[in-house]
Amino acid sequence: MWRSKLCSGDHACYHIIPGLLSHYMSELPLEKLTVKVAELQTDLHFITSVLRRSPHLNLLHIAGVRLPSGSSLSQLLTTLSESNHCLKSLTLEDMKLSDCLPEILNLLRDCKLEELRCNDCRLLEKWSDKEESLQQLMAALKTVPSLHTLGLAQNRLAKNVCVLAELFTGSSPSSVKRLDISSNFIQPAELLEFTQRLRTHPPPHRLTLDLRKNPGDRDPDTWNAALKGLHPFCVPLVEGWKSTDTMVDHISNM
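According to our numbering, the residues represented by the sequence shown are 28 to 281, in order.
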């Protein structure tokens with residue numbers, strides 16, 4: 028059985044099970060919804076049914092959704108686009124969204140999001156042209172003027188992190204003030220290139236940049252040079268990191 032915690036506008040919270048949904052004929056009075064899946068496979072139809080009946084949602088956090096091999100989470104994103112226009116904060120975590128780029132772009136075309144986090148969503152895994160696909164995503168994000176927080180932690184951005192600088196290019200740069208790119212296996216030289224691109228087109232607002240759990244110790248001089256270059260327009264969040272403590276970054280770049 029998977030569990031979800033539902034919170035209404037008066038902060039009352041309760042757990043819901045699939046049979047409970049049949050008691051509601053139309054709308055659920057939810058403004059906040061957290062779904063944390065505990066099973067190996069998820070009843071996606073039930074989740075989308077709850078979302079369709081919750082037009083007043085302004086905060087949604089979904090984590091751990093697992094589908095059978097060959098299935099896609101595209102219907103989840105389509106449902107959000109069609110039924111949840113009031114969303115201000117959306118967190119998608121620990122799920123596979125690499126085949127959902129069209130649906131993500133469609134969601135961003137007409138939304139009021141202030142916070143978007145796609146953490147550990149394997150975004151780049153199936154993109155044949157990772158740079159071009161990221162450019163499409165950055166262009167779509169720039170069209171959301173309300174967006175001030177963007178989280179892309181644990182997506183193996185690595186050398187493609189440089190593309191994120193495009194958030195702040197052009198006549199209508201993004202309003203993002205907090206960017207989380209922690210745990211993305213970003214090498215010092217890659218961060219330095221990202222810094223150089225940001226220097227050419229600095230963010231319009233001082234940017235809080237979460238760089239924690241990236242292998243800066245591979246080349247401390249280059250990493251520190253990149254951080255120094257960021258300081259005029261960013262507040263970098265960093266911490267000590269030992270690449271020898273993990274082999275995940277090596278595997279991710281194989």
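All C-beta atoms, glycine included, are put in the ideal place defined by N, C-alpha and C.
Note that the coordinates shown come from a computational prediction; the quantities given were computed from them, not determined experimentally.
DSSP-derived helix/strand/coil call for residue i
i    : result
M61  : Sequence inspection shows Thr at residue 61; the Met mentioned does not correspond to that position. Reduced to three states, the DSSP call for T61 is strand.
N146 : strand
D237 : strand
S53  : coil
D248 : helix
V262 : strand
L87  : strand
L194 : helix
G97  : coil
R80  : coil
T118 : strand
L174 : coil
L151 : coil
R205 : strand
T106 : helix
R183 : coil
Q68  : coil
K157 : helix
L218 : helix
K255 : helix
L134 : helix
Residues near residue i by beta carbon distance below 7 Å, same chain, minus five either side
i    : result
S125 : R149, L150, L151, E152, K153, W154
L140 : L114, K115, L117, V171, S173, L174
S199 : K169
Y51  : With a pLDDT of 47 at Y51, under the threshold of 50, the modelled position of that residue is not reliable, and no figure is offered here.
Selected residue, minimal CA-CA separation from residue i, among the options
i    : options                : result
F195 : A90, A185, F221, S110  : F221
L94  : T105, L104, Q68, L78   : Q68
L236 : F73, A216, T176, L100  : T176
P242 : H228, I213, G256, E120 : I213
A90  : E159, D147, V262       : D147
Cutoff 6 Å; reference residue i; Cβ partners in own chain excluding five residues on either side
i    : result
V92  : V64, T69, M122
H232 : K204
L161 : N187, V190
S210 : A180, Q181, K240
C-beta atoms of residue i and residue j nearer than 9 Å
i    : j    : result
L234 : L254 : no
L218 : W268 : no
M165 : L191 : yes
R80  : E54  : yes
S201 : P247 : no
S101 : E130 : yes
L107 : L71  : no
L184 : I208 : yes
P263 : L238 : yes
L143 : G178 : yes
Residues of its chain near residue i, where Cβ-Cβ distance is below 8 Å and the 5 sequence neighbours each way are ignored
i    : result
S99  : D126, C127
A167 : I131, L132, L135, R136
E158 : N187, V190
Cutoff 9 Å: residue i Cβ touching any chain B Cβ
i    : result
P229 : In the structure shown, chain B does not exist; there is a single protein chain.
At least three beta-carbon pairs within less than 8 Å, the region 54-63 to the region 81-95: yes
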